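One point on numbering: in this note's numbering, the residue at position 13 of the sequence shown is -4, and numbering is uninterrupted. See below for the structure under consideration.
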Amino acid sequence: QITELIMEVIQKRRALRAWPIPYLRALTVILETAFPHFPASVFWLDYLAVNRTCAVDTVQRIFGLMPARFATHIDYLRGVNWYREFLRSLFIRHA
């Protein structure tokens, strides 16, 4: 759902496919080796692979915070050339 919301905001449509986690992990390891600043990691895959949900009211009940809706706060993504930003992040040099 998050990916679909982001695609809608940046006005890009891509086919979403479900890949088995072991294949994604192998592909990510290869890409991390080829591109040291690749924006994904096997740690992110592990985090996303596990069901980490809780009751909807947990943040408000435990911390007293009222979280904002994600869909109403992602307009800053509009108007950015994300392909160029992706390529720039892959080949950026750090001293």
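Cβ atoms here follow ideal geometry from the backbone N, Cα and C, with glycine treated the same way. Since this is a predicted model, take the numbers as computed values, not measurements.
Problem set entry | Nearest residue (CA-CA) to MET(-10), options SER72, ARG67, PHE74 and ALA54 | One-based indexing of the sequence shown puts residue -10 at position 7. Among SER72, ARG67, PHE74 and ALA54, the Cα nearest to that of MET(-10) belongs to ALA54.
Problem set entry | Three-state class that DSSP yields for TRP65 in the structure shown | Looking up residue 65 in the sequence shown gives position 82. Of the three classes helix, strand and coil, the one that applies to TRP65 here is helix, per DSSP.
Exercise. Do you know how far the Cα of GLU(-13) is from the Cα of PHE46?
Worked result: If you number the sequence shown from 1, residue 46 lands on position 63. If you number the sequence shown from 1, residue -13 lands on position 4. Their Cα atoms are separated by approximately 29 Å.
Problem set entry | Boundaries of the alpha helix (DSSP H) in which MET(-10) is found, first to last residue | The residue given as residue -10 occupies position 7 in the sequence shown. According to the DSSP assignment, MET(-10) belongs to the alpha helix (DSSP H) that extends over -15 to -8.
Exercise. So, using beta-carbon positions, are VAL39 and LEU48 closer together than 7 Å?
Worked result: For the purposes of this step, residue 39 is taken as the residue at position 56 of the sequence shown. For the purposes of this step, residue 48 is taken as the residue at position 65 of the sequence shown. No, the Cβ-Cβ distance between VAL39 and LEU48 is not below 7 Å.
Problem set entry | Candidates PRO50, LEU60 and ALA23, of which the one nearest THR11 by Cα | Translated into the one-based positions of the sequence shown, residue 11 becomes position 28. For THR11, the closest C-alpha among the options PRO50, LEU60 and ALA23 is that of ALA23.
Problem set entry | Selection from HIS20, ALA1 and ILE4 that minimises the alpha carbon distance to GLU68 | Here the question's residue 68 lines up with position 85 in the sequence shown. Measuring from the Cα of GLU68, the nearest candidate turns out to be HIS20.
Problem set entry | ALA17 versus LEU70 - alpha carbon distance | Taking the first residue of the sequence shown as 1, we reach residue 17 at position 34. Taking the first residue of the sequence shown as 1, we reach residue 70 at position 87. Whole-angstrom Cα-Cα distance: 13 Å.
For this session: Go through its chain and collect everything with a Cβ distance to ILE57's Cβ below 8 Å, but skip five positions before and after it.
Result: One-based indexing of the sequence shown puts residue 57 at position 74. Closer than 8 Å at Cβ, skipping near neighbours: LEU(-12), ILE(-11) and VAL(-8).
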